[in-house]
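FYI, in my numbering the residues of the sequence shown are 50 to 276.
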Amino acid sequence: MYDPIMKGGKTVQKEREQPISDTVIKRLPIYLRYLTYLERMGVRTVSSYQMGKELGQNPAQIRKDLAYFGEFGRKGIGYEVGYLIKKIRQILHLDQLIPVALVGAGHLGTALARYNAFQQDNMRIVAIFDHSPLKAGRDVDGLKVQPMKELKSTIQEKDIRVGIITVPDYAAQEVADQLIEAGVEAIMNFAPIIIHTPPNIRVHHADLTTELHSLAYYLRQPEYMVN
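Here is the structure:
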């Protein structure tokens with residue numbers, strides 16, 4: 050497979066012998082967030098050493114990650130912050146509007162819909178759905194909560210390809226099935242349960258409870274609990 054990338058300011062063709070790993074892709078948004086912070090602070094260039102120090106990453110790993118997609122830095126100078134932001138956004142497809150549907154207008158869903166980062170990014174929640182007729186029609190940050198019967202038509206009409214699930218665990222699989230049937234290709238699942246999807250559907254699970262449980266492992270135990 051050939052992908053166009055930038056090299057020396059010009060677009061060239063680079064053959065990828067194997068797909069980019071998920072681990073690399075997941076690090077790119079971390080780099081992007083840090084670079085965006087630097088841009089706000091007025092910083093114009095940054096080295097991989099500086100990035101590694103601030104992000105707790107190996108500088109060589111950062112250079113390797115970015116090199117998968119092109120040559121963006123200059124020896125002795127580093128990376129131009131604004132240019133690298135632009136290229137990473139292109140790599141992640143964030144240079145175009147990506148409409149998102151959210152299912153579950155409870156406390157978590159409402160908080161996500163109102164999250165400022167979505168308003169500043171090109172991944173934007175453009176439709177909210179809920180099973181409860183009591184929530185239908187309610188305004189959430191300028192969006193009207195829609196009943197589930199409108200999910201398929203709305204997703205197809207707005208060309209929505211990403212869905213967020215914030216419903217209780219018992220409803221998550223059914224919601225995932227409905228999203229996929231409507232045409233969604235990627236799902237962020239906040240429900241505390243694993244959902245099963247076809248191989249061509251990308252799913253990321255964000256289980257807050259599991260994350261807290263694993264964090265608890267690293268707490269120091271009181272002396273009376275040792276042994």
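Ideal placement from N, C-alpha and C gives every residue a C-beta, glycine not left out. Predicted model, so just to flag it, every value in this text is computed and none were measured.
Identified DSSP bridge partners for residue i
i           : result
residue 193 : 188
residue 122 : 128
residue 179 : 196
residue 255 : DSSP output for residue 255 lists no bridge partner at all.
Where residue i falls: helix, strand or coil (DSSP)
i           : result
residue 200 : helix
residue 211 : strand
residue 94  : strand
residue 76  : helix
residue 224 : helix
residue 245 : coil
residue 229 : helix
residue 82  : helix
residue 173 : strand
residue 68  : coil
residue 269 : coil
residue 144 : coil
Bounding residues of the beta strand (DSSP E) (the contiguous stretch that carries residue i)
i           : result
residue 148 : 147–152
residue 131 : That residue, residue 131, is in no beta strand (DSSP E); its alpha helix (DSSP H) goes 130–140.
residue 235 : 235–238
C-alpha gap between residue i and residue j, whole angstroms
i           : j           : result
residue 232 : residue 201 : 8 Å
residue 137 : residue 96  : 16 Å
residue 78  : residue 196 : 33 Å
residue 105 : residue 181 : 44 Å
residue 122 : residue 229 : 40 Å
residue 113 : residue 219 : 42 Å
residue 153 : residue 130 : 37 Å
residue 61  : residue 142 : For residue 61, the predicted structure reports a pLDDT of 38, less than 50, and the residue's modelled location is therefore unreliable. The matter cannot be settled from this model.
residue 85  : residue 72  : 21 Å
residue 51  : residue 68  : Caution is warranted here: a pLDDT of 30 is assigned to residue 51, below 50, making its placement in the model unreliable, and the coordinate value is therefore given only provisionally. Their Cα atoms are separated by approximately 11 Å.
residue 144 : residue 134 : 10 Å
residue 205 : residue 149 : 12 Å
residue 88  : residue 81  : 10 Å
residue 147 : residue 75  : 18 Å
residue 266 : residue 191 : 41 Å
Alpha helix (DSSP H) segment containing residue i, residue limits
i           : result
residue 100 : 97–104
residue 162 : 156–162
residue 111 : 108–116
Is there contact between the region 237–249 and the region 202–214, where contact requires at least three CB pairs shorter than 8 Å?
yes
Check whether the region 185–203 and the region 237–256 touch, using three or more Cβ-Cβ pairs below 8 Å as the test.
no
Can you find at least 3 beta carbon pairs, one from the region 169–183 and one from the region 250–264, that sit closer than 8 Å?
no
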